[in-house]
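Here's the structure we're looking at; comments come further down.
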Amino acid sequence: MGEKERDVRMSLQTLRVLEAFLENPSDQMAGADVQKRTGLASGTLYPILLRLEGAGWFVSRWETIDPSAAGRPRRRLYRLTPTGLARASAVFASFGRGVPT
Amino acid sequence: MSEDSIPTRSVAARLIRQAARGAPVALAERLEEEWLADLAAQPSAFARLRFALGCCWATHVIAREQRAVRVRIANPETLPLDPLRSRSMTRFRPLWIAAAALVVTALVIVTAGVVAKFLYSWALSHARYIAGTEPSLWVMLPSLIPIFYAVGAGIYHMKHHPGARIQVPRHRGSFWMGVLVMSACSALLLAASVYCLFAPHFALEDSVRKAMALFFAITGIGLPLATYFTLLTQSPLSGPGLPGARWH
Chain A
1 MGEKERDVRM SLQTLRVLEA FLENPSDQMA GADVQKRTGL ASGTLYPILL RLEGAGWFVS
61 RWETIDPSAA GRPRRRLYRL TPTGLARASA VFASFGRGVP T
Chain B
102 MSEDSIPTRS VAARLIRQAA RGAPVALAER LEEEWLADLA AQPSAFARLR FALGCCWATH
162 VIAREQRAVR VRIANPETLP LDPLRSRSMT RFRPLWIAAA ALVVTALVIV TAGVVAKFLY
222 SWALSHARYI AGTEPSLWVM LPSLIPIFYA VGAGIYHMKH HPGARIQVPR HRGSFWMGVL
282 VMSACSALLL AASVYCLFAP HFALEDSVRK AMALFFAITG IGLPLATYFT LLTQSPLSGP
342 GLPGARWH
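In structure tokens:
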């Protein structure tokens, strides 16, 4: 995916994605869930998710379900890494805002 | 899944498969499966179509960023030391300035419509028709507001970031094509302005002709200016690029 720990462009949209994950840092969310929470378009959201994953802030994995039993395809779930949690918290702290609760 | 959404869904699914094929090879298969799975979670046919179109754009962005990563890895001295204080961090700007880009895009569409309507009427020699239904200038005037908005945003941005430069993107062809289209629109508008003033059979009152000419002239000059300023507001705050104005 790319070199880890590289710089991440902190656009307003990226902050909204981080904010969604910081609400429950241990939660895993699929792209569709993040889209619902942030209201971002797919054209904006997925590059951000991949960018953050490439920078080591997120990690992703496939859902462990049986699609035929669940009646839907498996989704790709994203989760904050410890590095990502620390970096995201630092970003929000540097803007003078507390970490979202 | 309702019957009426199935055709849209298959169109959306086809769009997503097409989009994923354009992604970097290492990501294509994953993105296709991921996007198709998230497509199923969209609440309506329109939402699915919009989602799929968004994925088409996402492919373009992802592919471009992957190319940029490969270039940066090849040149490690360009990597910033502190990600949180990197130059990309300074691109964060107020939302109202970023919105200028959307505003100018809408302006181009609106102005193109106005010019097209004018040229259509002229081509059909409906001068009398135009005279009979005097164009409502009060309706046309609001379309000037986005020009002043974009110019204002650009001036504000340059005043606070005197090092701002327009950076020609990697895809120079599409950038210069856009410049060419913008120049053509501007030339058309200025030609329309001259036509309003001097066309002998343009049967309108003098004041209306002059007002229309002024409107077209302001739009013809303001459109490229607004676009220039908007590009500046979207540019990196320092670095190489086309010259921008300096403020002292």
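Going down the list, the protein sequences come from chains A and B.
With our numbering, the residue at position 12 of the first sequence is 12, and numbering never jumps.
Take the position in the second sequence, starting the count at 1, then add 101; the result is the number in our numbering.
For glycine and all other residues, C-beta sits at the position ideal for the given N, C-alpha and C.
No experiment lies behind these values; they were computed from the predicted model shown.
Considering only beta carbons, the part of the segment 19-48 of chain A lying closer than 7 Å to chain B consists of 30, 31, 32, 41, 42, 43, 46 and 47, in chain order. DSSP, read as helix, strand or coil, puts residue 282/B in helix. Secondary structure of residue 77/A (DSSP, three-state): strand. Contact between the segment 21-30 of chain A and the segment 124-131 of chain B is absent: fewer than 3 CB-CB pairs across the two stretches fall below 8 Å. Going by beta carbons, residue 78/A and residue 89/A fall outside the 8 Å limit. Spatial neighbours of residue 42/A in its own chain (CB-CB distance under 7 Å, excluding positions within 5 residues in sequence) are listed in chain order as 35. A contact is defined here as three or more CB-CB pairs under 8 Å, and the segment 157-165 of chain B fails this definition with respect to the segment 54-70 of chain A. Interface with chain A (8 Å Cβ-Cβ cutoff): residue 139/B is included.
Under DSSP, residue 51/A takes part in no beta bridge, so it has no partner. Nearest C-alpha to residue 291/B among 309/B, 308/B, 313/B and 280/B: 313/B.
Comparing alpha-carbon positions, the option among 28/A, 13/A and 70/A lying closest to residue 80/A turns out to be 28/A.
Residues of chain B with a Cβ closer than 7 Å to the Cβ of residue 50/A are, in chain order, 163. Straight-line spacing of the CA atoms in residue 286/B and residue 323/B works out to 11 Å. For the segment 60-73 of chain A, the residues whose beta carbon sits under 7 Å from a beta carbon of chain B are, in order, 72 and 73.
Between residue 279/B and the set 115/B, 138/B, 169/B and 329/B, the nearest pair of CA atoms involves 329/B. With contacts defined as CB atoms closer than 8 Å, residue 140/B and residue 114/B qualify as a contacting pair. Counting the other CB atoms within 10 Å of its CB gives residue 91/A a total of 16 or more, which places it among the buried residues.
Residue 72/A carries a coil assignment under DSSP once its states are collapsed to helix, strand and coil. Under the DSSP assignment, residue 136/B falls in the alpha helix (DSSP H) whose first and last residues are 126-141. Beta-bridge annotation (DSSP): residue 146/B is not paired with any residue.
Here residue 326/B is not near residue 310/B, since their CB atoms are 8 Å or more apart.
Residue 136/B counts as buried, since at least 16 other C-beta atoms from the protein chains shown sit within 10 angstroms of its C-beta.
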